[in-house]
Amino acid sequence: MEWCGAVPAAEPWTSWFPAGRPGPGALAEHVRTTGHGRWWADRPAGPRSAAVTCARHAVLAGDPRTTDPAGLAGLAHHYVLAPDRFLPVLGAAFERIVPWERMIWVRHGPGRAARPAPAVRIRRLTTTDAPAVRDLGAGLAWITESWGGPAGVAAPGRAWGAFRGDRLLSLACVHFTGSRYEDLAAATRPAERGRGLATACVTALCTDVAARGRLPSWTCSRDNHPSRRLAAAAGFRPERRYVHYAVGAAVGPVVPRPCSTPRH
1 MEWCGAVPAA
11 EPWTSWFPAG
21 RPGPGALAEH
31 VRTTGHGRWW
41 ADRPAGPRSA
51 AVTCARHAVL
61 AGDPRTTDPA
71 GLAGLAHHYV
81 LAPDRFLPVL
91 GAAFERIVPW
101 ERMIWVRHGP
111 GRAARPAPAV
121 RIRRLTTTDA
131 PAVRDLGAGL
141 AWITESWGGP
151 AGVAAPGRAW
161 GAFRGDRLLS
171 LACVHFTGSR
181 YEDLAAATRP
191 AERGRGLATA
201 CVTALCTDVA
211 ARGRLPSWTC
221 SRDNHPSRRL
231 AAAAGFRPER
241 RYVHYAVGAA
251 VGPVVPRPCS
261 TPRH
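Counting from 1, position 54 in the sequence shown corresponds to residue 54 in the UniProt record's numbering; the numbering is continuous, with no gaps.
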């Protein structure tokens, strides 16, 4: 596949990546509205298969018979959500594909109240908090990838944090934003876990999401029990399960090519 510019709001793109879905369904809307991420297609005009990527996640759609396995090399080391019909081409494109069962949760009511220690302050992040987000370290940097880095996450309305003085201990942010759902994520310093900080941040962020007229969603691995407990404590309830695939290195070289005619 070749990477394209901004995708137009026209068929077949809108039928492949419909709006108003929770969890990974919001990824395409996030890329369309924020510009963070990339669109890929088998050809620039009249595409027959396509992908959208952001923060090391990818969603595939269309006809896999038109997809050259070598064209998927740019999706190496991504988490790929694709219909079963794409499995043969994924198997030919990557040295390994590992199925990973996931859960989508949606918040329909208030959760349990979280009471962090008195020395901890829960508040919205502002643009001046970007250095504090960066100070979370490389191990938690994944949470900033869907916004292009710490400055993007710290933009107004996107995140709440738990602070002790000027030190950020835990962060909850909008990971993918859609027209009906905003999919949330949280990260906490290892030494600060188990103290209700992430739950307090997520609960506060849910209030902002509701004020925008949207529903908060939550996505996690079926086996990630701490994440499941957090979701339940914050008022989320399981909606459905799905499988995505952790893919390894590409069988061939990674040669990303822009479409000859960017789509705007």
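Heads up, the beta-carbon is just placed ideally off N, CA and C, and yes, glycines get one too.
Look at the Cβ atom of residue i, then the Cβ atom of residue j, and state whether they are nearer than 8 angstroms.
i, j, result
"W142", "H36", "no"
"L171", "P216", "no"
"I97", "T219", "no"
"G161", "D135", "no"
"R193", "F163", "no"
"G248", "E29", "no"
"C173", "A191", "no"
"R102", "R222", "yes"
"P47", "P18", "no"
"V106", "E239", "yes"
"A246", "Y79", "yes"
Taking the alpha-carbon positions, what's the residue i to residue j distance?
i, j, result
"P24", "F176", "8 angstroms"
"T126", "G152", "10 angstroms"
"C259", "W16", "The predicted position of C259 is uncertain, since its pLDDT is 47 and thus under 50; no value can be drawn from it."
"T188", "V202", "12 angstroms"
"T199", "F236", "11 angstroms"
"D42", "L60", "11 angstroms"
"M1", "L72", "6 angstroms"
"G20", "S49", "21 angstroms"
"R124", "G137", "20 angstroms"
"L81", "P226", "23 angstroms"
"L75", "V251", "11 angstroms"
"A233", "G109", "11 angstroms"
"L118", "L169", "This sequence places Pro at residue 118; Leu is not what is there. P118 and L169: Cα-Cα distance of roughly 14 angstroms."
"T261", "A92", "Residue confidence is low: T261 scores 34 on pLDDT, short of 50, so the model does not pin down where it sits. No coordinate-derived value is stated."
"G111", "A211", "17 angstroms"
"A186", "A10", "34 angstroms"
"T14", "A155", "28 angstroms"
"residue 346", "L140", "With the chain covering only 1 through 264, there is no way to say anything about residue 346."
"G149", "R115", "29 angstroms"
"N224", "D68", "34 angstroms"
"A113", "H77", "38 angstroms"
Examine the ligand HEM and report whether any of its heavy atoms sits within less than 7 angstroms of the Cβ of residue i.
i, result
"C54", "This structure lacks the ligand HEM, and indeed carries no ligand of any kind."
Using only alpha-carbon positions, find the residue among the options that is nearest to residue i.
i, options, result
"A45", "D208, W3, P150, M103", "W3"
"A70", "V89, Y79, H77", "V89"
"A229", "V243, G213, G196, T33", "Rather than Ala, the amino acid found at residue 229 in this sequence is Arg. Ranking the options by Cα distance to R229, first place goes to G196."
"A132", "D166, A119, A186, A232", "D166"
"R38", "N224, E145, R212", "E145"
"T33", "E182, G213, N224", "E182"
"R214", "R241, G178, N224", "G178"
Rounded C-beta distance between residue i and residue j? I'm assuming under 8 angstroms.
i, j, result
"W40", "A51", "4 angstroms"
"V243", "P99", "5 angstroms"
>> So, does the stretch 198-214 touch the stretch 53-62, judging by three or more C-beta pairs under 8 angstroms?
In response: no
>> Check whether the stretch 84-95 and the stretch 60-72 are in contact - that is, three or more C-beta pairs closer than 8 angstroms.
In response: yes
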